[in-house]
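Numbering (my numbering), first residue to last: 142 to 716. We put the beta carbon where it would ideally sit given N, CA and C, even for glycine. Bear in mind that the values here come from a model prediction, so they are computed numbers and not experimental data. Have a look at the structure below, then the notes.
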């Protein structure tokens, strides 16, 4: 798509309409098969939430690439706590095998940063790591191994090509181990095994590429370096992410992050933070600018809260001055983001919560047009008992998607795809996601697959449209506008109380389009519309092919008839 006044192009996923998932397969469940399921549901990108280390992300990127999926990547140093990242990314050497009689080691140098602690270390391998075979990583204060700082053991089978030794878990808790290292200092890490057969090979550079250290085999230096990734955590950051009012990921960390991912074809961009508080925007802006300077063609993604007019504290950090939603969003838009996104889940135990749903859609549509920037929305697809959110049925999912598109959204994300662990007082709060807790498909998988398939076919047209008006018929939801009697697209008098959304769009060359969405999520509708004006023809954009097809328009009478499933939507092109 073309660029707008803020120079941000309409984001797509390899040219497709963006359809994403939130709560991807866990690292242990990452496989070709689980990623093929995502793509088979006609989703094309992942908002990474559980992939927070180089090893877990790299393994997922392999599976994503094989299935034509892209990932908005994140990392421990963004998702959880400010960190430093040491890396040797070259893997073009012959590699080296690990054996009980042959250890592999590597020295590395810490950055010139205080308050560092060993957290996560990973390598890259090929070949089989069979069941029962163990590898121990030991980190020493120097090459002479005078003091053991930390150790961790992995036991096969290990399926991933990126074996990862986690010395810490995230988020950091009160009892999290602490393995301090000094700034700008050299340390030695060594891999040993109980395997009498070769494990690996562990990948290496072709030469001594890493200036901060040296590789060793059985204690003797060699003319290459191990491929490795080291995450060093700090005590800095906010309560839920690496951002605080005065702090952000360091320039060195950002450089390592971007250098690691920017050349991978399955990377869609960078997932910065979910539902940030407004006081974090200056530090997020600085981080975004640093990333963009290194990787200008990839998007930076941030999802925001929906409108909440009942409490200004909702958008601000605890202990700081309250912030209303107007300031919350306007301040974010002032940072010139690539796009903006929100989440709201309207289906509750006591019914459809229509007021904040339409308030938020109206607000985001207005801000999108005013700032010439695209917006995306999250789609409820799971039950969350703590917030009284229910599992939606097929018609409710269909309505969410088509009503969001009727307001001009240019992408959407399912919340959630997998079932996240959410314990409250020993009880699981989340259930009924698209993928159930046991890894099987919920019935909503096929529903989402069918709807997504329709949107992918409509996608090229949808991405080209600019919203001009959004009207409602029947009972008027809060914050919405009634269909004017002068508008050229009307229901017949007998059907005028039918609850619909009627949206008017134009494309890049001024051609007119109308989307009609049924707000009735319980009943099918057979409807007739009367069309006025200088219309020569009306066609429907086919949800099966994306091509224009006959739409049931009678030019002689100026009427159009169509059927609507519960929550259904149809897109019409006018001439």
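Collapsed DSSP secondary structure at residue i in the structure displayed
i, result
"residue 198", "helix"
"residue 707", "coil"
"residue 692", "coil"
"residue 277", "strand"
"residue 525", "strand"
"residue 623", "strand"
"residue 440", "strand"
"residue 616", "coil"
"residue 374", "strand"
"residue 333", "strand"
"residue 153", "coil"
"residue 296", "strand"
"residue 362", "strand"
Nearest-angstrom Cα separation, counted from residue j out to residue i
i, j, result
"residue 525", "residue 235", "50 Å"
"residue 570", "residue 528", "9 Å"
"residue 404", "residue 413", "19 Å"
"residue 164", "residue 558", "6 Å"
"residue 381", "residue 222", "8 Å"
"residue 433", "residue 238", "39 Å"
"residue 625", "residue 541", "24 Å"
"residue 252", "residue 282", "15 Å"
"residue 153", "residue 335", "49 Å"
"residue 711", "residue 184", "21 Å"
"residue 470", "residue 513", "14 Å"
"residue 699", "residue 544", "26 Å"
"residue 515", "residue 572", "31 Å"
"residue 173", "residue 402", "20 Å"
"residue 658", "residue 702", "14 Å"
Best match in the options for proximity to residue i [C-alpha to C-alpha]
i, options, result
"residue 157", "409, 653 and 584", "409"
"residue 227", "381, 185, 391 and 317", "391"
"residue 769", "506, 444 and 511", "Because the chain in this structure spans residues 142 to 716, residue 769 falls outside the shown range and cannot be described."
"residue 620", "340, 502 and 520", "502"
"residue 670", "616, 656, 396 and 288", "656"
"residue 617", "291, 340, 642 and 628", "642"
"residue 438", "406, 682 and 466", "406"
"residue 346", "357, 340, 475 and 326", "357"
"residue 530", "517, 499, 484 and 504", "484"
"residue 676", "696, 687 and 659", "696"
Bridge partners - residue i, DSSP secondary structure assignment
i, result
"residue 669", "702"
"residue 644", "611 and 656"
"residue 472", "Bridge partners of residue 472: none, in fact."
"residue 356", "247"
"residue 744", "Outside the shown range of the chain (142 to 716) lies residue 744, about which nothing can therefore be said."
"residue 631", "671"
"residue 483", "445 and 518"
"residue 307", "261"
"residue 572", "524"
"residue 685", "Bridge partners of residue 685: none, in fact."
"residue 108", "The displayed coordinates of the chain run from 142 to 716. Any statement about residue 108 would go beyond what the structure contains."
"residue 225", "373"
"residue 160", "553"
query: Taking contact to mean at least 3 C-beta pairs separated by less than 8 Å, is the stretch 343-361 in contact with the stretch 178-189?
result: no
query: Are the stretch 272-281 and the stretch 292-299 in contact at 8 Å, needing three or more beta carbon pairs?
result: yes
query: Can you find at least 3 beta carbon pairs, one from the stretch 696-715 and one from the stretch 660-677, that sit closer than 8 Å?
result: Verdict: yes, contact present.
- request: Assess, as a yes-or-no matter, whether the stretch 619-639 is touched by the stretch 592-607 under the definition of 3 or more beta carbon pairs within less than 8 Å.
  value: no
- prompt: Contact between the stretch 196-215 and the stretch 586-596: three or more CB pairs below 8 Å?
  reply: no
message: Contact between the stretch 546-555 and the stretch 503-512 is defined here as three or more beta-carbon pairs at a separation below 8 Å; is this criterion met?
response: Taking one beta carbon from each stretch, the stretch 546-555 and the stretch 503-512 have 3 or more pairs nearer than 8 Å; the two touch.
message: Can you confirm whether the stretch 393-404 touches the stretch 359-367 when touching is taken to mean that 3 or more C-beta pairs between the two stretches lie within less than 8 Å?
response: no
- prompt: Is there contact here, the stretch 418-428 with the stretch 195-208, by at least three beta-carbon pairs under 8 Å?
  reply: Output reads no: the stretch 195-208 does not touch the stretch 418-428.
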